[in-house]
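Worksheet for the structure shown next.
Chains as they are written, first to last, in the numbering used here: chain L, 1 to 321; chain P, 1001 to 1301.
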């Protein structure tokens, strides 16, 4: 398992052991393979395509033409979500001095607001996770102190804890701390629940650094703090980005915690905003579909651009945890 | 092994200044973890024995009342059955599908990378988005499933309004969203299988099925155990998909999972004691799965 994990770390898609070479000279094997794969791919992609295309249809067409391309492409569905109506005309943008105010207005528009909230919550979570987990992982990897093993096991215990068990007491704690309906009320518990896996991944990686580096630095009179900042961190960029990806994706998609902590629509991250929008426009599927498409678009774009890192990060995190 | 031994020895030689660094580096993580993970879990065990609406301080000790109510609750029974169904579908449909796709995509033939990415794509979507996408697919008036039925001359299908089949919708979404993740685990596992084994098997005249059965499968065993473990733990915590697909538990509360039951009957009604009791049950199930699994299967990995 460790070997598999290690190979996951290096790259998502390295050259492979040839596990399933078809019987040579059987042209049908390749054909069947392609047919099966295409069938499964269609099952995966059709719901996504239907969603994106449905956002371009009118509600009437959606009802009678679920499968085909839109007969009339209704860009307005998407446009209304991206841009406040009063700013959609060319005149609204004719006054250059108004552009700043216009952009601000767009930023207050639901869709951008939801994405912005998710971005803020995600970045705070990533930053705090790294700031808290990396020093702790360094201490566990390179320092000797009383209770080291106990404290490490204590933290790693968090791996087996289901989040749902903590949610009600967590609500009460967040309320008592005065963090209800704030982004910090989401960030702090998220960071805490991500610590177990983050510290574990980071400690294992820190330990694999050549110890001679730390040793010679110590002999030269370098302090542990310096070693951490100047030697260990710069050499650990891959694992730091893995941890960052895991905590950002988890935060970006988190739903239950914000659902319990927040009650002001303006502060919602996008999954809650999406549910809110769906509840509001329930009978206008074309709008809901356009909204879904636009909210999952950032994730899909990032995935396509950085697929190797994302796949390696997410699977490595799971395997080593 | 040898490496970590020499590591330990080397490490114990130099500890000057280490303790002060540890005193600065550890507390933030330990405090956050204690306040937002350990205490809430412990408090759940404590609140579970009280009847409390969340205001003031829990005072009305009711012993095991919450648990008795819970196990007498018909909706909770349904939630348990549904969780069992998720586990069954994960193990009997999702994992074999993932394994099959992994075998077809384990080498670098043309298109392999593209297909992998397509299959992994649903995994990166939020459960809420996946749930809503399928809420549209299953919609009786607009959805593709129903319209396909009508186009073939059948009746429109209101799947999510059916007390018998609404939960099947949840199961489909789970398989759709997660099989690509398990496939990636298997592909990674296959990469660590020694390719000489395949050559040896081929020389011995093993056919494709025999190579799969006697080389791939045993070599993949640790990864399969791991993915079964993820499926079990994940099945106990399904919530977002149910929320997006059927909102408050579907027709006549037939689509509840353990966590959606906790949300509707514990959190939205602010029954802290009852909700915590549900949380404890989920906790015990998770810990039992985790520990027995580690004991039985993961001893050597």
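Cβ atoms here follow ideal geometry from the backbone N, Cα and C, with glycine treated the same way. Model, not experiment: these values are computed from the prediction.
Could you tell me whether any Cβ in chain P is nearer than 8 Å to the Cβ of residue i?
i, result
"residue 185 of chain L", "no"
"residue 203 of chain L", "no"
"residue 298 of chain L", "no"
"residue 315 of chain L", "yes"
"residue 271 of chain L", "yes"
"residue 245 of chain L", "no"
"residue 278 of chain L", "yes"
"residue 54 of chain L", "yes"
"residue 77 of chain L", "no"
"residue 265 of chain L", "no"
Could you tell me whether any Cβ in chain L is nearer than 8 Å to the Cβ of residue i?
i, result
"residue 1041 of chain P", "yes"
"residue 1302 of chain P", "The question about residue 1302 of chain P has no answer, for chain P in this structure spans 1001 to 1301."
"residue 1236 of chain P", "yes"
"residue 1231 of chain P", "no"
"residue 1021 of chain P", "yes"
"residue 1226 of chain P", "yes"
"residue 1290 of chain P", "yes"
"residue 1185 of chain P", "yes"
"residue 1297 of chain P", "no"
"residue 1065 of chain P", "no"
"residue 1044 of chain P", "yes"
"residue 1282 of chain P", "yes"
Could you list which residues in chain P have their beta carbon closer than 9 Å to that of residue i, in chain order?
i, result
"residue 188 of chain L", "1032, 1035, 1036"
"residue 173 of chain L", "1035, 1036, 1039, 1040, 1043"
Taking 7 Å as the cut-off, does the CB of residue i come closer than this to any heavy atom belonging to the ligand ADP?
i, result
"residue 300 of chain L", "As for the ligand ADP, it is missing from this structure, which has no ligand bound."
Please name the residue, chosen from the options, that lies closest to residue i on a Cα-to-Cα basis.
i, options, result
"residue 130 of chain L", "L:308, L:274, L:233, L:282", "L:233"
"residue 1245 of chain P", "P:1104, P:1169, P:1024", "P:1169"
"residue 1058 of chain P", "P:1044, P:1069, P:1067", "P:1044"
"residue 167 of chain L", "P:1294, P:1293, P:1260", "P:1260"
"residue 1084 of chain P", "P:1252, P:1266, P:1267, P:1231", "P:1231"
"residue 317 of chain L", "L:209, L:286, L:196", "L:196"
"residue 55 of chain L", "L:315, L:270, L:285", "L:285"
"residue 34 of chain L", "P:1279, P:1110, P:1189, P:1063", "P:1110"
"residue 266 of chain L", "L:183, L:242, L:29", "L:183"
"residue 1161 of chain P", "P:1139, P:1054, P:1102", "P:1139"
"residue 190 of chain L", "L:226, L:145, L:76, L:158", "L:158"
"residue 165 of chain L", "P:1277, P:1097, P:1116, P:1201", "P:1277"
"residue 82 of chain L", "L:292, L:170, L:186", "L:292"
"residue 1294 of chain P", "P:1128, P:1086, P:1227, P:1117", "P:1227"
Just reading off the alpha helix (DSSP H) that residue i is part of, what are its end residues?
i, result
"residue 119 of chain L", "110-142"
"residue 291 of chain L", "285-305"
"residue 267 of chain L", "It is not in any alpha helix (DSSP H) - residue 267 of chain L carries neither H nor E in the DSSP assignment."
"residue 219 of chain L", "211-219"
"residue 1127 of chain P", "1127-1137"
"residue 1173 of chain P", "1166-1191"
"residue 1281 of chain P", "1272-1296"
"residue 185 of chain L", "184-208"
"residue 1259 of chain P", "1258-1262"
"residue 156 of chain L", "148-156"
"residue 47 of chain L", "27-54"
Using a C-beta to C-beta distance shorter than 7 Å, which residues of chain P count as neighbours of residue i?
i, result
"residue 234 of chain L", "Those within 7 Å of residue 234 of chain L in chain P number zero; the least Cβ separation is about 17 Å."
"residue 37 of chain L", "1104, 1115"
"residue 282 of chain L", "Near residue 282 of chain L there are no residues of chain P at all, since even the closest Cβ is about 10 Å away, more than 7 Å."
"residue 47 of chain L", "1133, 1134, 1137"
"residue 345 of chain L", "One cannot answer for residue 345 of chain L here, as it falls past the ends of chain L, which runs 1 to 321."
So with CB distances below 9 Å, who are the chain L contacts of residue i?
i, result
"residue 1276 of chain P", "165, 168, 169"
"residue 1203 of chain P", "Within 9 Å Cβ-Cβ: nothing; residue 1203 of chain P doesn't reach chain L, min ~14 Å."
"residue 1057 of chain P", "Residues of chain L passing the Cβ test: none, with the nearest at roughly 11 Å."
Residues of chain L with a CB under 7 Å from the CB of residue i: which are they?
i, result
"residue 1142 of chain P", "62, 63, 66, 285"
"residue 1262 of chain P", "164"
"residue 1157 of chain P", "By Cβ distance, chain L contributes nothing, its closest Cβ being about 13 Å from residue 1157 of chain P, past 7 Å."
"residue 1165 of chain P", "Simply none; closest approach about 18 Å."
Note down, in chain order, every chain L residue with its Cβ under 8 Å from the Cβ of residue i.
i, result
"residue 1028 of chain P", "131, 132, 135, 136"
"residue 1047 of chain P", "168, 169"
Please compile the residues from chain P whose C-beta is within a distance smaller than 8 Å of the C-beta of residue i.
i, result
"residue 240 of chain L", "By Cβ distance, chain P contributes nothing, its closest Cβ being about 15 Å from residue 240 of chain L, past 8 Å."
Fill in: Cβ pair count under 8 Å reaching 3, the region 187-203 of chain L against the region 125-141 of chain L
Contact holds: three or more Cβ-Cβ distances are below 8 Å.
Worksheet item: How do the region 1070-1082 of chain P and the region 1150-1165 of chain P stand: do at least 3 beta-carbon pairs fall below 8 Å, yes or no?
Response: The region 1070-1082 of chain P makes no contact with the region 1150-1165 of chain P: fewer than 3 CB pairs, one atom from each, lie closer than 8 Å.
Fill in: Members of the region 1119-1133 of chain P near chain B, C-beta cut-off 8 Å
Included in the structure are the protein chains L and P, with no chain B among them.
Worksheet item: Touch check for the region 1172-1192 of chain P and the region 87-97 of chain L: three-plus C-beta pairs under 8 Å?
Response: With a cut-off of 8 Å, the region 87-97 of chain L and the region 1172-1192 of chain P do not count as touching, because too few Cβ pairs lie within range.
Practice prompt. Flag this pair as touching only if the region 1226-1244 of chain P and the region 1283-1291 of chain P have three or more C-beta atom pairs under 8 Å; answer yes or no.
Written response: Enough Cβ pairs lie closer than 8 Å, so yes.
Worksheet item: Are the region 252-265 of chain L and the region 147-156 of chain L touching, with three or more C-beta to C-beta distances below 8 Å?
Response: These segments do not touch.
Practice prompt. Spell out a yes or no on whether the region 1109-1124 of chain P and the region 41-51 of chain L are touching, meaning 3 or more CB-CB pairs, one atom from each, closer than 8 Å.
Written response: Touching, yes, given that three or more Cβ pairs across the two stretches are closer than 8 Å.
Item to complete: Check whether the region 1144-1153 of chain P touches the region 268-287 of chain L, taking contact to mean three or more Cβ pairs, one atom from each stretch, closer than 8 Å.
Response: Two segments are said to touch when three or more pairs of C-beta atoms, one from each, lie closer than 8 Å; by this definition the region 1144-1153 of chain P does not touch the region 268-287 of chain L.
Worksheet item: Are the region 1264-1273 of chain P and the region 1195-1214 of chain P touching by the rule of at least three beta carbon pairs closer than 8 Å?
Response: Verdict: no, contact absent.
Worksheet item: So does the region 1089-1107 of chain P actually touch the region 1215-1228 of chain P, counting three or more Cβ pairs closer than 8 Å?
Response: With a cut-off of 8 Å, the region 1215-1228 of chain P and the region 1089-1107 of chain P count as touching, because enough Cβ pairs lie within range.
Fill in: Segment contact, 8 Å Cβ cut-off, at least three pairs: the region 96-108 of chain L with the region 206-220 of chain L
No, the region 96-108 of chain L does not touch the region 206-220 of chain L.
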